[in-house]
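Q:
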């Protein structure tokens, strides 16, 4: 599998640096936190879920499901 990594890292503004590599989202102190450049094993334990794979939808979510999830978290 070929993987191309593109990310920005401007010299003038470090706040604009983009995440690179595999990403993992997890809760830290009850806040969502982004971790970048993680291993496949670490990424699999995160909160992100596959929605599209090979150009096909593999998981659909309704607006009602999203609203219910938000309601539970606030």
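In the numbering used here, the protein residues as written are 48 to 121.
Beta carbons: idealized from backbone N, C-alpha and C, even for Gly.
(1) Taking only three categories from DSSP, how would you classify residue 107?
(2) Can you check which of these residues, 67, 106 and 108, is closest to residue 82 by C-alpha distance?
(3) Is the separation between the beta-carbon of residue 69 and that of residue 96 shorter than 8 Å?
(4) Pick out whichever of 116, 117 and 72 has its Cα sitting closest to the Cα of residue 93.
(5) Within a Cβ cutoff of 8 Å, which residues of the same chain sit near residue 90, ignoring the five residues on either side of it in sequence?
A: Taking the structure as given:
(1) coil
(2) 67
(3) no
(4) 72
(5) 69, 70 and 71
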